[in-house]
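Just so you know, we're using my numbering here: the sequence shown kicks off at 1 and counts up by one. Everything below concerns the one structure shown next.
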Amino acid sequence: MNIKTATLTLKLPGQSCQVVYTDWGNKESFPIVCVHGLTGNGHDFDMIAPHLVAEGYRVIAIDLPGRGRSDFLRDPQGYNYQAYLLVISHLLDSLNITELDWLGVSLGGLLGMRIIAEQKFAVRRLILNDIGPEVPKAALDYIYQVIRVPYYFDSVEALEQRMRETRGLTWGPVTDEQWAHMAKHNARYLENGRYTYAYDANIAPVFEREPIGEMDLWPCWETIHSAVLVLQGAKSALLTDAILQQMRTCGPSFQLSVFDDCGHVPSLMAPAQVRCVVDWLK
1 MNIKTATLTL
11 KLPGQSCQVV
21 YTDWGNKESF
31 PIVCVHGLTG
41 NGHDFDMIAP
51 HLVAEGYRVI
61 AIDLPGRGRS
71 DFLRDPQGYN
81 YQAYLLVISH
91 LLDSLNITEL
101 DWLGVSLGGL
111 LGMRIIAEQK
121 FAVRRLILND
131 IGPEVPKAAL
141 DYIYQVIRVP
151 YYFDSVEALE
161 QRMRETRGLT
171 WGPVTDEQWA
181 HMAKHNARYL
191 ENGRYTYAYD
201 ANIAPVFERE
211 PIGEMDLWPC
221 WETIHSAVLV
231 LQGAKSALLT
241 DAILQQMRTC
251 GPSFQLSVFD
261 DCGHVPSLMA
271 PAQVRCVVDW
281 LK
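Below, the structure written as structure tokens:
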């Protein structure tokens, strides 16, 4: 399988940034762009990407600024939705991609709805992983309290243990091998010999001020004409049944798949979750 890691250097307001992405499959294949959640990175799609390539896709999985292998920004005010959209737009332009499918996890789903609303790119199919056009304030407040605190560990194994104790409550079935893989790619080595998560803790201030951006996303939702698959963790605090009911009353029709053993978010690593996405895309 052809897997390439590449870097794009671009200008953001007041600063430059190197953005890293993984490019799976053949460049002639139809692209699906995969965008992670708030504290995730492109490696979150490592388990599902080979299955998508096997179905004939080219998979583009980006690390947004401040995450994973991409640069952390000097000015944390740059961690905003307009900057993320600018990064994605530049990346797609650099790859000469104008038509695509989109797989967005949480934050990645919010960005997907906004990409469609901008009408610069033709999104044929949209997959929203446990996110809708609205997020309950209580859930946003909880997320802020989690991300505002930096976490430090003496080893990657200690970081993995905390991931198991926290994300293990909501991701659904994850194997030991998958936990080790995710811990490796969610760890950042520090000069003092310790480890922390592979995201910039300075994403918190802008998130507190504009947790889902400055736009009301319901009008974006109503303009979508793409085919839509929505994944919901049955125990999710972010994509509630009330929000789903409102989504049914406006905007596109969509297929809903609910995973009873998940909260926010289904990991896209369990066989049933992978099969759900792949089968819908066929």
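Here a beta-carbon is modelled for each residue, glycine too, at the ideal position from N, C-alpha and C. Only a predicted model underlies this, so the values are computations on that prediction, with no experimental measurement involved.
Query	Result
With distance defined between alpha-carbon atoms, name the residue in T196, N202, M47 and V278 nearest to G66.	N202
Kindly indicate which residue of S155, M182, V33 and M247 has the alpha-carbon position closest to the one of T223.	M247
Looking at C-alpha atoms only, which residue of A272, N192, R188 and P252 is the closest neighbour of F72?	R188
Pull up the distance between the alpha-carbon of K120 and that of A83, whole angstroms please.	16 Å
With DSSP run on the structure shown, which of helix, strand or coil describes F153?	strand
In the DSSP assignment, find the unbroken alpha helix (DSSP H) run with K137 in it and report its ends.	K137 to I147
Rank V19, A272, D23 and D101 by C-alpha distance to the C-alpha of V87 and give the top, closest one.	V19
Return yes when the Cβ of G172 is within less than 9 Å of the Cβ of L107, no when it is not.	no
Let me make sure I understand the geometry here. Which of K11, D46 and L12 has the alpha-carbon closest to that of K4?	D46
Flag this pair as yes or no: are the beta carbons of D23 and I60 separated by less than 9 Å?	yes
Note down, one range per segment and in chain order, each alpha helix (DSSP H) of at least 4 residues found wholly within the region 204 to 280.	204 to 209, 217 to 222 and 241 to 249
Mind the definition here: the region 249 to 261 touches the region 214 to 233 only if three or more C-beta pairs lie below 8 Å; say whether that holds.	yes
Taking 9 Å as the cut-off, decide whether the C-beta atoms of C34 and G104 are in contact.	yes
Take D75 as the anchor and find which of W280, D200, Y144 and V277 has the nearest alpha-carbon.	D200
Look at the alpha carbon of F254 and the alpha carbon of E99, and state the distance between them as a whole number of angstroms.	20 Å
Give me the residue from D176, D154 and F153 with the minimum Cα distance to R164.	D176
Assuming L238 and D130 form a contact by the criterion Cβ under 8 Å, report the distance between their Cβ atoms to the nearest whole angstrom.	6 Å
What did DSSP end up calling W179 once you bin it into helix, strand or coil?	helix
Based on the DSSP secondary-structure assignment, which residues constitute the bridge partners of A6?	Y21
Tell me the residue span of the alpha helix (DSSP H) that contains P50.	A49 to A54
Taking C-beta to C-beta, are N41 and A198 nearer than 9 Å?	yes
With 16 other CB atoms within 10 Å as the buried threshold, where does E28 fall?	exposed
Three-state secondary structure (DSSP) at A83?	helix
On the DSSP bridge assignment, give the partners of D101 in chain order.	I32 and R125
Excluding the 5 residues preceding and the 5 following V274 in the sequence, name in chain order all residues of the same chain whose CB lies nearer than 6 Å to its CB.	I48 and H51
Thinking G109 and L91 are a contact (beta carbons under 8 Å), I'd like their distance in whole angstroms, please.	Actually they are not in contact, since the Cβ atoms of G109 and L91 sit about 18 Å apart, beyond 8 Å.
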